[in-house]
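> Got a structure for you, written out below as C-alpha cells; questions coming shortly.
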Amino acid sequence: MGVKKRISGCVAVANGVKLADVDVICSYPIRPYTGIMSELARMVADGELDAEFIHGEGEHAQLSVVYGASACGARAFTGSSGVGVTYAMEVYSPISGERLPLQMAIADRTLDPPGDFGSEHTDALCTRDQGWLQGWSSTPQEALDMTLMWYRIGEDPRVLLPQYSCQDGYFVSHILGEVEIPDAAQVKEFLPPYKNHHVLDVRRPQIIGAQIEPAMGPPLQYQRYQAVEGARQVIKQAHAEFAGIFGRSYDPFVEEYMTDDAEAAIFIQGAHAETAKTVARRLRNLGEKVGVVRLRVFRPYPTQEVRLALSKFKAVGVVDNSANFGIAGSSGVMLTEARTALYNLGDKVKTVGFVGGLGGEMITHDEFYRMFAKLKEIAKNGKTDRDGYWLPFEL
Amino acid sequence: MTSSKLFEEPGLKQITVWARGVYENKEARDVVVAVTEAAALEGKFVQAWENYVDLPDRIFVPVRAYGKISDQPIESKYVYENETPDIVALTEETLVKGVPILGGIRPGAVLVVNTKRSPQEISKFLIGDTNKLKAVVTVDASGIKQGVITLSGAEGATDASGIGGGFSGPLAGAVVKATGIVSLESLLQIVKDKAAARAGYDQARVADAKSLGLAG
Amino acid sequence: MSFKEVPFAGTVPSPKRENEGMVTGNWRTKRPVLDKDKCTDCLICWISCPDACIDQSTTGLAFNLKYCKGCGICAEVCPSNAITNVPELDYAD
C-alpha cells in the first residue's frame with residue numbers, strides 16, 4: 015500500500031510522473047503549474063528520479079523537446095499554464111499526428127487579459143481539438159491518478175496519443191489535499207514500459223512528420239480520428255484495471271453525485287465541482303431534488319455517457335469556466351457539447367449555460383445556490399427563457 | 018434569496034499568519050502547516066495553503082498563509098482567503114502598522130506577534146476590530162531561533178528544508194499556548210526544532226484583551 | 126462589482142506622481158531618519174532610491190513615508206552617515 019500525505023496538486027502530479035518513471039522532462043516556468051517542475055527538479059537533483067531534466071527556452075521549445083524525446087522512445091513529460099499553453103499551440107497537432115503518447119500537465123490559468131494568476135479552463139480548452147486526450151481532475155489525488163491513467167491509456171498500442179492532464183490552477187494545484195501516493199510496485203503492474211510503434215534510431219533511419227500530398231490528408235486524419243474514438247474503450251478498461259490494482263475507483267467519464275431521483279443537476283468539470291457538491295448536499299438536506307454530474311474526460315467527449323447521465327433530469331445547468339466569445343448559445347463550450355450529446359433526445363431535457371469563475375474568481379456556494387434555484391424554476395415551468403447566464407452579472 | 022446561513026461551518030477554526038515577502042514566506046507557511054498537521058494527528062480535518070494573490074516574490078510585501086481546522090469535513094475548501102480568522106499570527110512586529118491584520122476576525126480571536134516588545138506596547142498600534150480580541154500574545158520567536166530563508170516549498174512544492182526549523186516553531190508554540198488549538202505534544206511531533214518550539218510555548222506573554230483596554 | 130464600474134478594456138490613466146492603487150509604505154520594517162547636521166545635500170540617496178521616495182524640499186531632503194519600503198539603500202549609500210534605519214515601531218505614527 016502507498017503512503018498518505020497532505021500535498022498540493024502540483025506535488026501530486028510530480029509524484030505521478032516520478033512513479034511513471036519518465037525518461038525526459040522539459041520545463042519552463044509559469045504560474046501556477048511551476049510547482050510541478052520545481053518538485054520534479056528536486057526529485058532529479060536528490061536522486062529520487064532518474065530522468066533527463068531539460069529547461070526549455072519557452073513553451074514552444076518545451077513541446078518540441080518532448081516531441082523529439084518521445085519519438086526516440088522516451089517516456090516524456092512537460093506542462094504549462096495560461097498563455098504558455100497557447101504559445102506552444104503549433105506543436106500540439108504534430109505530436110498527436112505522429113502518434114507520440116507524451117503527457118502534458120496543464121494547471122489552468124486565465125489568458126491575458128486580465129493577466130492575473132487565477133484559474134480558468136480557457137487555456138486548455140483552446141487545445142481541445144488537437145488530437146490529444148484531455149481530462150480534468152478536481153482534487154490532488156485525482157491529479158496523481160490521472161497522470162498514471164493517461165500514460166497507460168495514451169501509450170496503449172490501440173491508442174498512441176498524447177494526453178493533457180488538466181487541473182484547476184490554485185484550487186487544485188496550490189491547496190494541500192490528502193493524497194495516497196501509491197507503491198512503485200503497484201504502478202509497475204499497472205503501467206507497462208513505453209514502447210512505440212516507430213522509434214527514431216540511427217540504425218533504422220526513417221522520416222517522421224514527412225511532407226505529404228493532399229491525397230494523404232484524408233487517410234491520415236481518419237487514422238487519427240479512429241485513434242481518438244477508439245480511446246473510449248481503452249479508457250474504460252484502464253479505469254477498471256486501476257481500480258483493481260490501487261483500490262480507488264473512478265467512473266471513467268462522468269461522476270454522478272446525488273443524482274438519484276434528482277430533477278435538476280449541475281453539469282461541470284474541474285475543481286468547482288467540489289463546491290457544487292457541497293451545495294447540492296446542503297440543498298438535499300432541505301429536501302431539494304438536486305445533484306451534480308462531473309465530466310472527467312473532455313476528449314474524447316463521452317457522448318453516450320453524458321447522454322445517459324443527463325437524460326434523467328428535467329433541467330441541467332451546464333457550468334462553463336471558460337470564455338468562449340461569440341459561441342453558439344452565447345455561453346461556453348461545455349454547454350454546446352452537452353447540447354450536442356443530448357440533441358437526439360429532442361427537447362426532453364432543458365439545458366441552460368452558466369459562465370462562472372472567470373479570471374480565477376471563486377464560484378461561491380451562493381452562486382451555485384442561485385444556479386440551482388434557476389434550475390428549479392426551469393424544471394417547474396418546463397421552459398428556458400434564454401441559453402445562458404454570465405455570473406454574477408446576469409444571475 | 019440568501020444562502021448565508023445554509024453554508025455555515027460551526028466547528029471550523031481559521032488561522033491566518035501574516036509575514037514579510039520573500040524573507041518570511043517559509044516561516045509563515047511553516048506555522049500553518051505545523052499547527053494543522055498537529056491537529057491532523059489529533060484526528061481533525063485540516064487544510065493549509067498560501068495566499069495566491071499577494072505578491073510573494075516582492076521583498077517585505079505583506080503576505081499571508083492560512084490554515085483551517087475542523088471536527089467536520091471542511092466544505093469551504095476552494096477559497097482564496099480566510100474571511101473570518103480565529104487566530105492571527107504575525108512573523109514580524111511592524112505588520113501591526115498599516116496592515117489590516119484584524120480584518121474579519123471573529124469574536125474571541127487571539128493575536129500572536131513575534132516581537133521583543135510587550136503585549137501592552139503592541140496593542141497601542143492595533144486598529145480595527147480590537148474589541149473582538151480575547152488576547153494579545155507576544156513572543157521573541159526570532160530571539161529563540163533564527164528564521165530560515167529559502168524558496169524551497171514555494172508554489173505548492175515540497176519544502177526540502179523541513180517544517181518548523183526556524184522561528185516558526187517558537188511562534189507556533191506561542192499560538193498553542195495562547196489558544197490551545199492543539200496540544201503542545203502534538204505540535205512537538207511535527208516541528209523539526211522541538212526545543213525551540215517548547216521555548217516559544219514557555220516564553221509567550223499572554224495578555225488578556227480586557228487588561229490591555231482593548232475589549233469593548 | 127458591476128462590470129460598468131470597471132474601466133473600458135481595463136485601461137486606466139497612468140499615475141503622474143503617486144499611485145494610490147499601490148501604496149507601499151506598509152512594506153517598511155525600518156524607517157530612514159535623516160540627521161540634517163550631517164547631510165551635505167550631495168543627493169546620492171536621492172538618485173539611488175529605487176522608489177523615488179526622497180523629495181527635495183526647501184528645508185532639505187524629506188522621505189516620502191507613504192511609499193518608502195524601508196529597503197535601506199539610502200543609508201547604505203550615504204557618504205556622510207547621515208541616514209539611520211530605525212525600527213518602525215519606535216514611532217507611533
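Chains as they are written, first to last, in this note's numbering: chain A, 15 to 409; chain B, 18 to 233; chain C, 126 to 218.
Glycine residues also receive a C-beta, built at the ideal position from the N, C-alpha and C atoms.
So Thr92 (chain A) is in the alpha helix (DSSP H); what residue range does that whole segment cover?
Indexing the first sequence from 1 puts residue 92 (chain A) at position 78. Careful: Thr92 (chain A) lies outside any alpha helix (DSSP H), inside the beta strand (DSSP E) at 90-94.
> Kindly indicate the opening and closing residues of the beta strand (DSSP E) around Gly149 (chain A).
Start at 1 with the first residue of the first sequence, and residue 149 (chain A) comes out as number 135. Note, Gly149 (chain A): beta strand (DSSP E), 147-151.
> According to DSSP, is Ile44 (chain A) helix, strand or coil?
Working through the first sequence from its first residue, we reach residue 44 (chain A) at position 30. Ile44 (chain A): coil per DSSP, three-state reduction.
> How big is the Cα-Cα spacing for Lys209 (chain A) and Arg353 (chain A)?
As a first step, residue 209 (chain A) must be located in the first sequence, where it is residue number 195. As a first step, residue 353 (chain A) must be located in the first sequence, where it is residue number 339. Cα to Cα, Lys209 (chain A) sits roughly 39 Å from Arg353 (chain A).
> Against Tyr208 (chain A), what residues of chain B qualify as contacts under a CB-to-CB distance less than 7 Å, listed in chain order?
On the first sequence, position 194 is the one that residue 208 (chain A) refers to. Going along chain B, no residue has its Cβ under 7 Å from Tyr208 (chain A), so there is no contact; the nearest lies around 26 Å.
> For Ala28 (chain A), count the other beta carbons within 10 Å of its own beta carbon; 16 or more makes it buried, fewer makes it exposed. Which is it?
Counted from its first residue, the first sequence places residue 28 (chain A) at position 14. Classification of Ala28 (chain A): buried, given that the 10 Å Cβ count is 16 or more.
> Please confirm whether Gly217 (chain B) has its beta-carbon closer than 8 Å to some beta-carbon of chain A.
If you number the second sequence from 1, residue 217 (chain B) lands on position 200. Gly217 (chain B) does not count as touching chain A.
> Cutting at 6 Å between CB atoms, please list the residues of its own chain near Val311 (chain A), excluding the five before and the five after it.
As a first step, residue 311 (chain A) is located in the first sequence; it is residue number 297 there, counting from the start. Same-chain partners within the cutoff: Gly149, Phe267.
> For Met18 (chain B), does the count of other Cβ atoms within 10 angstroms reach 16, so buried, or fall short, so exposed?
Here residue 18 (chain B) refers to the residue found at position 1 of the second sequence. With a pLDDT of only 45 at Met18 (chain B), under 50, the local geometry of the prediction cannot be trusted, and the value read off the model is given with reservation. Exposed.
> For a test of the three-state rule: what should DSSP assign to Met18 (chain B), helix, strand or coil?
As a first step, residue 18 (chain B) must be located in the second sequence, where it is residue number 1. Because the pLDDT of Met18 (chain B) is 45, which lies under 50, any placement of that residue in the model is unreliable, and the number read from its coordinates should be weighed accordingly. In this structure, Met18 (chain B) counts as coil in the three-state DSSP scheme.
> Just checking: is the beta-carbon of Glu143 (chain C) within a distance shorter than 8 Å of some beta-carbon in chain B?
Taking the first residue of the third sequence as 1, we reach residue 143 (chain C) at position 18. Closer than 8 Å: no.
> In the DSSP assignment, find the beta strand (DSSP E) that holds Lys30 (chain B) and state where it starts and stops.
On the second sequence, position 13 is the one that residue 30 (chain B) refers to. Segment 30-37, the beta strand (DSSP E) holding Lys30 (chain B).
> Per DSSP, Lys18 (chain A) is paired with what?
Residue numbering aside, residue 18 (chain A) sits at position 4 when the first sequence is read from its first letter. Answer is A:Glu194.
> Quick test of your reading: Ala174 (chain B) and Asn131 (chain B), contact by CB under 8 Å. State the CB separation rounded to the nearest angstrom.
Within the second sequence, residue 174 (chain B) is the residue found at index 157, counting from 1. Within the second sequence, residue 131 (chain B) is the residue found at index 114, counting from 1. Ala174 (chain B) to Asn131 (chain B), Cβ: 25 Å. No contact.
> Ignoring anything shorter than 3 residues, give me the beta strand (DSSP E) runs that lie fully in the region 52-111 of chain B, in order along the chain.
Whole beta strand (DSSP E) segments, 3+ residues: 62-67, 79-87, 104-107.
> On a CA-only basis, which of B:Gly230, B:Gly160, B:Phe24 is nearest Lys133 (chain B)? Give me that one, please.
Walking along the second sequence from the start, residue 133 (chain B) turns up at place 116. It is B:Gly160.
> Just verifying my parser: in three-state terms, what is the DSSP assignment at Phe131 (chain A)?
Position 117 of the first sequence holds residue 131 (chain A). It is coil, neither helix nor strand.
> Over what stretch of residues does the beta strand (DSSP E) that includes Asp225 (chain B) continue unbroken?
If you number the second sequence from 1, residue 225 (chain B) lands on position 208. That run of the beta strand (DSSP E) goes 222-225.
> From the beta carbon of Lys30 (chain B), is the nearest beta carbon of chain C less than 8 Å away?
Locating residue 30 (chain B) in the second sequence gives position 13, counting from the first residue. Not one chain C Cβ lies under 8 Å of Lys30 (chain B).
> Would you list, in chain order, the members of the region 42-73 of chain B that have their beta-carbon closer than 7 Å to a beta-carbon of chain C?
Listed by position, the residues of the region 42-73 of chain B near chain C (Cβ gap below 7 Å) amount to none.
> I need the DSSP call for Val311 (chain A), collapsed to helix, strand or coil.
Here residue 311 (chain A) is taken as the residue at index 297 of the first sequence, counted from 1. In the structure shown, Val311 (chain A) sits in a strand (DSSP, three-state: E or B).
> With a cut-off of 8 Å on the beta carbons, I'd call Ala241 (chain A) and Arg113 (chain A) a contact; round off their distance for me.
Position 227 of the first sequence, counting from 1, holds the residue named residue 241 (chain A). Position 99 of the first sequence, counting from 1, holds the residue named residue 113 (chain A). Sure, about 7 Å apart at Cβ, within 8 Å.
> Report, in whole angstroms, the separation of the C-beta atoms of Val127 (chain B) and Val154 (chain B), which I expect to be a contact under 8 Å.
On the second sequence, residue 127 (chain B) is found 110 positions in, with the first residue counted as 1. On the second sequence, residue 154 (chain B) is found 137 positions in, with the first residue counted as 1. 6 Å between Cβ atoms; contact.
> Looking at chain B, is there any beta carbon in it that lies within less than 8 Å of the beta carbon of Cys199 (chain C)?
Numbered from its first residue, the third sequence carries residue 199 (chain C) at position 74. Not closer than 8 Å to any Cβ of chain B, the Cβ of Cys199 (chain C) fails to qualify, so no.
> Give the DSSP-derived three-state secondary structure of Gly155 (chain B) in the structure shown.
Locating residue 155 (chain B) in the second sequence gives position 138, where the first residue counts as 1. Just to set this straight, residue 155 (chain B) is Thr in the shown sequence, not Gly. Correct three-state label for Thr155 (chain B): strand.
> Would you report the Cα separation of Thr350 (chain A) and Gln76 (chain A), rounded to the nearest angstrom?
Position 336 of the first sequence, counted from the first residue, corresponds to residue 350 (chain A). Position 62 of the first sequence, counted from the first residue, corresponds to residue 76 (chain A). Approximately 32 Å, taken between the alpha carbons.
> Roughly how far, in whole angstroms, is the beta-carbon of Ile109 (chain A) from the beta-carbon of Asp137 (chain A), given that I think they are within contact range, below 8 Å?
Taking the first residue of the first sequence as position 1, residue 109 (chain A) is located at position 95. Taking the first residue of the first sequence as position 1, residue 137 (chain A) is located at position 123. Contact flag wrong, Cβ pair sits at about 17 Å.
> Is the separation between the beta-carbon of Glu26 (chain B) and that of Glu92 (chain B) shorter than 8 Å?
Walking along the second sequence from the start, residue 26 (chain B) turns up at place 9. Walking along the second sequence from the start, residue 92 (chain B) turns up at place 75. Yes, the pair counts as a contact, with Cβ atoms nearer than the cut-off.
> Return no unless some Cβ of chain B is closer than 8 Å to the Cβ of Trp152 (chain C).
For this step, residue 152 (chain C) is matched to residue 27 along the third sequence. Answer yes: the Cβ-Cβ gap between Trp152 (chain C) and chain B drops below 8 Å somewhere.
> Pick out whichever of A:Gly61, A:Phe67, A:Gly98, A:Asp35 has its Cα sitting closest to the Cα of Ile44 (chain A).
What you label residue 44 (chain A) is simply residue 30 of the first sequence in a count that begins at 1. Checking every option, the nearest Cα to that of Ile44 (chain A) belongs to A:Gly98.
> I'd like the ranges of any beta strand (DSSP E) spanning at least 3 consecutive residues and lying wholly in the region 331-397 of chain A.
Listed in chain order, the complete beta strand (DSSP E) runs (minimum 3 residues) inside the region 331-397 of chain A are 364-369.
> Quick one: give me the first and last residue of the alpha helix (DSSP H) that Arg321 (chain A) is part of.
Start at 1 with the first residue of the first sequence, and residue 321 (chain A) comes out as number 307. Run containing Arg321 (chain A): 317-324, per the alpha helix (DSSP H) assignment.
> In chain C, what lies closer than 9 Å to Arg37 (chain B) by C-beta?
Position 20 of the second sequence, counted from the first residue, corresponds to residue 37 (chain B). Under the 9 Å cutoff, chain C gives Trp152, Thr154.
> Is there a C-beta anywhere in chain C that falls below 8 Å from the one on Val116 (chain B)?
Counting from one through the second sequence, the residue named residue 116 (chain B) turns up at place 99. Chain C, which has a Cβ nearer than 8 Å to the Cβ of Val116 (chain B), makes this yes.
> Do we get a CB-CB distance below 8 Å when we pair Thr175 (chain B) with the residues of chain A?
Against the second sequence, residue 175 (chain B) aligns to sequence position 158. At least one chain A Cβ lies under 8 Å of Thr175 (chain B).
> Check the Cβ of Ala25 (chain A) against every Cβ in chain B and list those closer than 7 Å, keeping chain order.
On the first sequence, position 11 is the one that residue 25 (chain A) refers to. Before going on, a small fix: residue 25 (chain A) reads as Val here, not Ala. Chain B residues near Val25 (chain A): Gly173, Ala174, Thr175.
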